[in-house]
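Taken in order, the sequence shown gives residues 1 to 388; the numbers are from UniProt numbering. Please read the structure below before turning to the comments.
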Amino acid sequence: MIKYRIERHQTESISWKCGEYGCPGRLNSLKDYTKPDLKTSHSHGPDPERLAVEKVVVDMRKRCGRQLPYAAFQASSQVVTDPQIAAAIPSFESLRSTLYRHKGNKNEPSTPTSLRNLCIPDKYGKLCTGENFLQIQSSGYVVLATEHGLHLLFNATEVHVDGNFKVAPTLQAGGTPLFTQLFSFFGLFHNKILPLAFVFFNGKSKKKYSKLLRCLKDKAFALVMLFAPDKIVLDFETGLVPAIQDEFPLSEIIGCNFHFNQALYRNLQNLGLQQEYVDDEAVENINVYGQDRRTNNDVESWHSKLSRLLQTQPTVWRLIETHQAQYVLVQHDIERLRAGTYKGRKNLKYQKLNRTVQRMTDNFNLGLTQPLDFVLAIGRCFAAAKRA
Numbered sequence: 001m002i003k004y005r006i007e008r009h010q011t012e013s014i015s016w017k018c019g020e021y022g023c024p025g026r027l028n029s030l031k032d033y034t035k036p037d038l039k040t041s042h043s044h045g046p047d048p049e050r051l052a053v054e055k056v057v058v059d060m061r062k063r064c065g066r067q068l069p070y071a072a073f074q075a076s077s078q079v080v081t082d083p084q085i086a087a088a089i090p091s092f093e094s095l096r097s098t099l100y101r102h103k104g105n106k107n108e109p110s111t112p113t114s115l116r117n118l119c120i121p122d123k124y125g126k127l128c129t130g131e132n133f134l135q136i137q138s139s140g141y142v143v144l145a146t147e148h149g150l151h152l153l154f155n156a157t158e159v160h161v162d163g164n165f166k167v168a169p170t171l172q173a174g175g176t177p178l179f180t181q182l183f184s185f186f187g188l189f190h191n192k193i194l195p196l197a198f199v200f201f202n203g204k205s206k207k208k209y210s211k212l213l214r215c216l217k218d219k220a221f222a223l224v225m226l227f228a229p230d231k232i233v234l235d236f237e238t239g240l241v242p243a244i245q246d247e248f249p250l251s252e253i254i255g256c257n258f259h260f261n262q263a264l265y266r267n268l269q270n271l272g273l274q275q276e277y278v279d280d281e282a283v284e285n286i287n288v289y290g291q292d293r294r295t296n297n298d299v300e301s302w303h304s305k306l307s308r309l310l311q312t313q314p315t316v317w318r319l320i321e322t323h324q325a326q327y328v329l330v331q332h333d334i335e336r337l338r339a340g341t342y343k344g345r346k347n348l349k350y351q352k353l354n355r356t357v358q359r360m361t362d363n364f365n366l367g368l369t370q371p372l373d374f375v376l377a378i379g380r381c382f383a384a385a386k387r388a
């Protein structure tokens, strides 16, 4: 297929020119676009891939009248099944200007004065698939998830939790946060950590966290399920750790290695040991600060992605819309994981690092490496990866 543009209208026909810049190709047709007649040959062959990509971009522009530009970009991109066409679709950054030009008036509801007064209409309480996205709205808590997502979360043997304080919306007047944090729950599904539930709420005390966790356990009970994961991975939030210990006494609680190393480094600075940490070769060899696998890496990536999509303190409606769009993508990942067609995206450097560490670990387990040699080798391995 070749794309044409109208060159001029005549009395009984239309003259068309090739859409490829510089091509002499010309074609005539009747007024009703029938009986095409090629008048001048083209200087190139057909490019069906390019036409398919242009159709996808046109679909994005149409969607922008009723969706956020990024949501429109994702929705149109996800329906493409041909991997070659998918790879040829321009990035969101390159399409940002044209998509925002086609953005319609959102006519968002007015900003509520408090989380208690937040009334979420169906437009924001449902996904584009028609599924309910608003699962819980009680005193001080709003839980966004689908029922299927909650089933996956409650069935997960490993759960990751983390809070994001940067995207909390502000009120239109006064600048007081509508809620203080977005708290997210992630579950292990087919060896992949997926975001499954999102909570808007105020505070970060043990009492607040305990109330939230009991709220989710009650929801699980209402679904004839039990929310009791084998492992819970979290950062070192002061109020969160004791709350989870109380509410999930049988679960193994694992602190995020990344945040643990951050805390260690802060204490090194407070104790005046930072210079030795930086300069002492012996310390550097056995240290893997910042290079060991972060146990909540998928969680950090999710929140980093949200921060890129949202400006600091967006409206609550934009925050919900962004989660709606992103959750549809999560559903696509779930289906790909089920079908065995999901392809993870991991940095090649870390793929190589993981293989090296696995080989060293296997040798150590076979008794081929002494403990001290193993520790020193691992330290050098991570130091080299850090410099790469």
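All residues carry an ideal CB built from backbone N, CA and C; glycine is no exception.
TODO: Could you tell me whether the Cβ atoms of F133 and Q324 are closer together than 8 Å?
DONE: Taking 8 Å as the Cβ cut-off, F133 and Q324 qualify as a contacting pair.
Beta-carbon separation of L194 and D333 under 8 Å?
Contact: yes.
Problem - Distance CB(L196)-CB(P112) smaller than 8 Å - result: No, these two residues do not count as a Cβ contact at 8 Å.
| said: Below 8 Å, how does it come out for the stretch 215-235 and the stretch 152-167: are there three or more Cβ pairs, yes or no? | reply: Taking 8 Å as the limit for Cβ pairs, the verdict is that the stretch 152-167 does touch the stretch 215-235.
Minimum C-alpha distance to A229 - residue among C381, A222, L216:
Residue identity differs from the one stated: residue 229 is Pro in this sequence, not Ala. Closest by alpha carbon: L216.
_Nearest residue (CA-CA) to L150, options L226, S97, R380, G130_ = Considering only alpha carbons, the answer is L226.
Rounded straight-line distance, which links the Cα of E147 to that of T157: Taking C-alpha positions only, T157 is separated from E147 by approximately 18 Å.
Handout entry: Beta bridge counterpart(s) of F200 as assigned by DSSP
Key = In the DSSP assignment, F200 forms a beta bridge with V142, L182.
Among the residues of its own chain, which have a CB less than 6 Å from the CB of V159, if the five just before and after it don't count? G187, P229, I232, listed in sequence order.
Practice task
For L372, count neighbouring C-beta atoms within 10 Å of its own C-beta (all shown protein chains included) and say buried if the count is 16 or more, exposed if not.
Solution key: Exposed is the call here.
Is DSSP giving T98 helix, strand or coil here? Here T98 sits in helix by DSSP.
- Task: Note the first and the last residue of the continuous beta strand (DSSP E) segment covering S15.
- Result: Counted as a single uninterrupted DSSP element, the beta strand (DSSP E) harbouring S15 occupies residues 13-18.
- Task: Mind checking which residues open and close the alpha helix (DSSP H) that includes residue 425?
- Result: For residue 425 there is no data in the structure shown, the boundaries of the chain being 1 and 388.
Q. In whole angstroms, what is the alpha-carbon distance linking K204 and Q326?
A. So the alpha carbons of these two residues sit roughly 25 Å apart.
ask   = Candidates I120, G125, V57, S114: which alpha carbon is nearest R96's?
value = Nearest option by C-alpha distance: V57.
- request: For the beta strand (DSSP E) containing N28, list its first residue and its last residue.
  value: It spans 26-30 - the beta strand (DSSP E) in which N28 sits, taken as one unbroken run.
Practice problem: Return the chain-ordered list of same chain residues with a C-beta closer than 6 Å to the C-beta of K206, the five sequence neighbours on each side being excluded. | Solution: Within the same chain, K206 has close Cβ partners G239, P242, A243.
- Task: Report the rounded CA-to-CA distance for A383 versus K352, giving the unit in angstroms.
- Result: Here the C-alpha atom of A383 lies approximately 14 Å from the C-alpha atom of K352.
Looking only at its own chain, which residues have a Cβ that is under 8 Å from the Cβ of L213, when we skip the five neighbours before and after it?
Exclusion of the five residues before and after L213 leaves A243, I244, E247, F248 as the residues of its chain whose Cβ lies within less than 8 Å of its Cβ.
- Query: What first and last residue would you give for the alpha helix (DSSP H) that runs through V53?
  - Reply: Counting along the chain, the alpha helix (DSSP H) containing V53 begins and ends at 48-63.
With 16 other CB atoms within 10 Å as the buried threshold, where does Y21 fall? Under the 10 Å beta carbon count, Y21 is surrounded by fewer than 16 other beta carbons and is classified as exposed.
C64 versus F92, L306, S110, residue with shortest Cα-Cα distance
Among F92, L306, S110, the Cα nearest to that of C64 is on F92.
If you check the beta carbons only, do K3 and G19 fall under 8 Å apart?
A Cβ-Cβ contact shorter than 8 Å links K3 with G19.
Problem - Where the beta strand (DSSP E) containing I232 begins and where it ends - result: Residues 231-234.
> What residue range is occupied by the uninterrupted beta strand (DSSP E) comprising G255?
Replying inline: It spans 252-255 - the beta strand (DSSP E) in which G255 sits, taken as one unbroken run.
task: Report the rounded CA-to-CA distance for L38 versus D59, giving the unit in angstroms.
output: Distance between the alpha carbons of L38 and D59: 29 Å.
Check your understanding: DSSP state of Y4, grouped into three classes?
Key -> In this structure, Y4 counts as strand in the three-state DSSP scheme.
*asked:* Quick check on the burial criterion: 16 or more other C-beta atoms within 10 angstroms. Buried or exposed for F221?
replied: Counting Cβ neighbours within 10 Å, F221 comes out exposed, since fewer than 16 surround it.
Q: Assign T315 to one of two classes, buried (16 or more other C-beta atoms within 10 Å of its C-beta) or exposed (fewer than that).
A: T315 comes out buried.
Extent of the continuous alpha helix (DSSP H) run through L329
The continuous alpha helix (DSSP H) containing L329 extends over residues 316-339.
G163 lies in the beta strand (DSSP E); which residues open and close that run? Counting along the chain, the beta strand (DSSP E) containing G163 begins and ends at 158-164.
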